[in-house]
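*Asks:*
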Amino acid sequence: MTRPDPHHPQDPHPAAVLRATYRALASVVRDLGDEESWLPTGCTGWAVRDLVFHCLADAQRALVALHTPASAAPDRDAVTYWRDWRPDPAGAAHRRRWSRVGASMFLDFGPLRGLYLETAAATVTAAAAADPARPVATQGHVLTAGDLVTTLTVEAAVHHLDLVRELPDAPRPAPAGLTAVRRTLDGLLGRPVPVDWSDEHYARAATGRTPLTPEERRALGADAGRLPLFC
Numbered sequence: 001m002t003r004p005d006p007h008h009p010q011d012p013h014p015a016a017v018l019r020a021t022y023r024a025l026a027s028v029v030r031d032l033g034d035e036e037s038w039l040p041t042g043c044t045g046w047a048v049r050d051l052v053f054h055c056l057a058d059a060q061r062a063l064v065a066l067h068t069p070a071s072a073a074p075d076r077d078a079v080t081y082w083r084d085w086r087p088d089p090a091g092a093a094h095r096r097r098w099s100r101v102g103a104s105m106f107l108d109f110g111p112l113r114g115l116y117l118e119t120a121a122a123t124v125t126a127a128a129a130a131d132p133a134r135p136v137a138t139q140g141h142v143l144t145a146g147d148l149v150t151t152l153t154v155e156a157a158v159h160h161l162d163l164v165r166e167l168p169d170a171p172r173p174a175p176a177g178l179t180a181v182r183r184t185l186d187g188l189l190g191r192p193v194p195v196d197w198s199d200e201h202y203a204r205a206a207t208g209r210t211p212l213t214p215e216e217r218r219a220l221g222a223d224a225g226r227l228p229l230f231c
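The sequence shown begins at 1 in my numbering and counts up by one.
1. Out of curiosity, what's the CA-to-CA distance linking Ala120 and Leu161?
2. Within its chain, find whatever has a CB closer than 6 Å to the CB of Ala222; leave out the 5 residues flanking it on each side and keep chain order.
3. For a quick check, are the C-beta atoms of Arg134 and Ala145 less than 8 Å apart?
4. Quick check on DSSP: helix, strand or coil for His160?
5. Taking the DSSP output, what are the residues bridged to His141?
6. If I'm right that Leu152 touches Asp58 with Cβ under 8 Å, what's the distance once you round it to whole angstroms?
7. Mapping the DSSP letters down to three states, classify Ala90 as helix, strand or coil.
8. Less than 8 Å separating the beta-carbons of Ala72 and Val29?
9. Considering only residues of the same chain and omitting the five flanking positions on each side of Phe53, which have a CB-CB separation below 6 Å?
10. Smallest Cα separation from Arg76: which of Leu188, Tyr22, Arg96, Ala15?
11. Compute the Euclidean distance between the alpha carbons of Pro194 and Ala15, then round it to the nearest angstrom.
What follows is the structure, encoded as structure tokens:
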């Protein structure tokens, strides 16, 4: 279990963490065949190919954002970006259908796999070239490029766990990516989580992917009712 100092001068560059996280996720996607692409994932209603399509869309959004400088000051950072999340069953159902329909346009998984891999690689390159302090615009908000990259890392690391639910021999998420997830969740919680969770279990439990046990609820106290912190 890692508990990083959010102000530690040795923290790696956000783009380096994204590179490690995307590389780990790509190592799973690269080896998937068409049959495996129909396996279920940790995301309700999505098979592997649907989740890969969603990750492709996120990488495409990242490319746009990293090339969309903003004149306004940032109104979100790598933690507060997630505070806009609210339970939205209708919106979630719409997004599930959108990804399922989009992924279904690829009759074979190979072209979708290839498009994801090349887009993810381009996103990593763009992140490395961006000034982390430069404000950029995405989804109606302004973040620094460094904070945007961290949000991409968090989403990719969590979805890596979703992707490998039925792939027990697949590579695990990058440790640096899971550290970014822990830091974000602790920031949303307002304190380090008071439960001795591994990074993977924390990521699953605090995003609603794994139900809390009675013991965990007692340890979390009133904060148990705030979970999931985002999905």
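By construction, the Cβ of each residue, glycine as well, lies at the ideal position given by its N, Cα and C atoms. The structure displayed is predicted, hence computed values, not measured ones.
*Replies:* To lay it out plainly:
1. As a working note, residue 120 is residue 120 in the sequence shown. As a working note, residue 161 is residue 161 in the sequence shown. Cα to Cα, Ala120 sits roughly 17 Å from Leu161.
2. Looking up residue 222 in the sequence shown gives position 222. Excluding sequence neighbours, Ala222 sits near nothing in its chain.
3. Counting from 1 along the sequence shown, the entry for residue 134 is found at position 134. Counting from 1 along the sequence shown, the entry for residue 145 is found at position 145. Contact flag set, yes.
4. As a working mapping, residue 160 is identified with position 160 in the sequence shown. In the structure shown, His160 sits in a helix (DSSP, three-state: H, G or I).
5. The residue given as residue 141 occupies position 141 in the sequence shown. Per DSSP, Thr138.
6. Mapped onto the sequence shown, residue 152 falls at position 152. Mapped onto the sequence shown, residue 58 falls at position 58. 7 Å between Cβ atoms; contact.
7. Along the sequence shown, one-based indexing puts residue 90 at 90. Of the three classes helix, strand and coil, the one that applies to Ala90 here is helix, per DSSP.
8. Looking up residue 72 in the sequence shown gives position 72. Looking up residue 29 in the sequence shown gives position 29. Contact flag unset, no.
9. Locating residue 53 in the sequence shown gives position 53, where the first residue counts as 1. If we look at Phe53 and ignore the five residues flanking it on each side, its Cβ neighbours are Ser99, Gly102, Ala103.
10. In the sequence shown, residue 76 corresponds to position 76, counting from 1. Measuring from the Cα of Arg76, the nearest candidate turns out to be Leu188.
11. Position 194 of the sequence shown holds residue 194. Position 15 of the sequence shown holds residue 15. Approximately 29 Å between the Cα atoms of the pair.
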